Every structure is written in structure tokens, then in C-alpha cells.
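Chemist: Can you keep this structure in mind? I'll have questions shortly.
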Amino acid sequence: MSTVRLEIEYDGSGFRGWARQPGLRTVQGELEAALATILREPIELTVAGRTDTGVHALGQVASFETAAEVPADLMRRLNGIGPDDVAVTAAEVVAEGFHARHDAKARSYRYRLLARAAPSPFERGKALWWPHRVDREALDACAAALPGTHDFTAFTPTQNDHVRFERDVLAASWKDEGDILSFRISADAFMRNMVRVLVGTQLEVASGRRSVENFVALLKGAPRTAAGGTAPPHGLYLEAVSY
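If you want it as C-alpha cells, here you go:
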């Protein structure tokens, strides 16, 4: 058996998320179909971070095991028969036992806002248009409170899916990039919608509808209803996975 690691980019606009779902177009489904065609056997991918409908990826990592001979040009073949909104940027045989999810030490996400008065046709589906007030000092204060271990119960809707709600945030920041305002966060793991609810709640702070102190208090644990809305998926990108 060989273990193969894939690095993947995709535009999530046309997918119902990463995970395979019968009758729906998903990233996992497309890639497994392409791999089955090339390797001539069913393939089941394991992924570092499941992304929801409409969420993009710049540095997704997946792995699989196969009894077939792995061609040296697997990356080229996958990109040749796969859809245009997915690109495999690396494909290599790795040490037996490598597991894309279990071996990951950290994931890094980026949320992009188009922070200007007018929309952009070029950012449609790629960034959240935000023509509203932005208190940059308040956003920076929120981000500065995130590194460390906190209880993120208020920032996920899946209360029954987790044994623990504490997550270790390694870094978080807001950065101006021309008309784009980007929020980046790295942590050991994330819960469903966690980054999007963090963004939605911080935008309430940025627009003066919530205080920095209130945001910081939520990190001690609170019901989901205490936090802000969930930012739309199209501004979110899985940027990198660390091992």
C-alpha cells in the first residue's frame, strides 16, 4: 500500500462543500472520481479541514491509501481530467501512516472583506462587500484578544458535536491590503462556522453595535445566541495547514 498526500486549491463557489454527498457536487466527490479513473480503484480521501458550501481553499491537504501503482505524473493527470475550479498543486507518495487530518498541527484561515463604497465585479463571490463603518482600532483589539486558549462555544452552532469547545489560537490579525481588509487566524483546530462567526461578531464591533469588551467576554464561554451573525461563506479561504 502507498500513502499519497495531495495539496489542493479550489474555488468553492460551485461546490456544496468539501465532503462527498450523494447527488451533490463536492470537492471530495470530484477528486475521488478523478483518482478512481487514474488508479482504477475506489479511493477515499481524508482531508485536513472540511470546508462548507461556498468556502474556498488555497492550501488544502488531503491523503489517501492505494494498492495501485502511483504514477509519477499524478498531479498532471489529475489536473488534466479534473474540473477547472479545482487544482492539485502537489501530489507525492509519503511515509506510510501519514493522515491529513490527525497529523495536522494547525490550520490557517483568511477572511476577505471588500471595504469600500462601491462593489467590485472582480471580487463577487470572492470577498464580502462591506460598505459600512469600520473601526480599525476596535478590530485590532478584538484580534489581539484571540491568541491563547479560549472557550469558543459562542462561535459555533454545533454544540452537540464536540466534546470540548476550547481551541488554541496561535495568531490572529486584521490587515489592510488596498481595498481588501483581511482577517487571518491560525489555530490547532476549528469548529464549524467558527471563523465566520468570529468575523460576523467582530464586524458588529467595527460598526459600533457591540463593544470590544463584550467580544472579549464571549471568549470565556457563552451561548451561540450571545455572539453575532455568521459572515457569508464566500469571503473565507483555508490558506494553509501545518504539520
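Residues in the sequence shown are numbered from 3 upward in steps of one, following this note's numbering. We treat Cβ as the ideally placed atom computed from N, Cα and C, and that holds for glycine. Nothing here was measured: the structure is a model prediction, and the numbers come from that model.
1. Please state the DSSP three-state secondary structure of H101.
2. How far does the beta strand (DSSP E) with R7 in it extend, from its first residue to its last?
3. Taking Y239 as the reference, give the member of S122, R52, L60 with the closest Cα.
4. Using only the alpha-carbon positions, how far apart do L172 and G150 sit?
5. At which residue ranges does the segment 41-91 contain complete alpha helix (DSSP H) runs of 4 or more residues, listed in the order of the chain?
6. Count the C-beta pairs between the segment 186-196 and the segment 105-118 that are closer than 8 Å, then say yes if the count reaches three, no if not.
7. Leaving out the 5 sequence neighbours to the left and right, which residues in its chain are closer than 7 Å to S122 when beta-carbon positions are compared?
8. Any chance the segment 98-109 sits against the segment 51-66, with 3 or more Cβ pairs inside 8 Å?
9. For R7, count neighbouring Cβ atoms within 10 angstroms of its own Cβ and tell me buried if that reaches 16, exposed if not.
10. Per the DSSP calculation, A106 is bridged to which residue(s)?
11. Within this structure, are the beta carbons of D178 and R118 separated by less than 9 Å?
12. Taking the straight line between their C-alpha atoms, what separation do you get for I40 and E9?
13. Do three or more CB pairs link the segment 142-159 to the segment 213-223 at distances below 8 Å?
14. Report, in whole angstroms, the separation of the C-beta atoms of F17 and T55, which I expect to be a contact under 8 Å.
15. Where does S65 land, buried or exposed, given buried means 16+ other C-beta within 10 angstroms?
16. May I have a chain-ordered list of the alpha helix (DSSP H) segments no shorter than 4 residues that lie completely inside the segment 211-237?
17. Using a Cβ-Cβ cutoff of less than 6 Å, which residues in the same chain neighbour F167 once the five nearest sequence positions on both sides are dropped?
18. Measuring alpha carbon to alpha carbon, tell me which residue in D13, R103, A242 is nearest D86.
19. Taking the straight line between their C-alpha atoms, what separation do you get for G84 and E32?
20. For S15, which three-state DSSP category applies?
21. According to DSSP, simplified to helix, strand and coil, what is V207?
22. What is the rounded straight-line gap between the Cα of W131 and the Cα of V72?
Modeler: Looking at the coordinates:
1. coil
2. 4-12
3. L60
4. 7 Å
5. 76-83
6. yes
7. L116
8. yes
9. buried
10. DSSP, once it has assigned bridges, lists no residue as partnering A106.
11. no
12. 17 Å
13. yes
14. 7 Å
15. buried
16. 214-220
17. D153, F154, T155
18. D13
19. 7 Å
20. helix
21. helix
22. 44 Å
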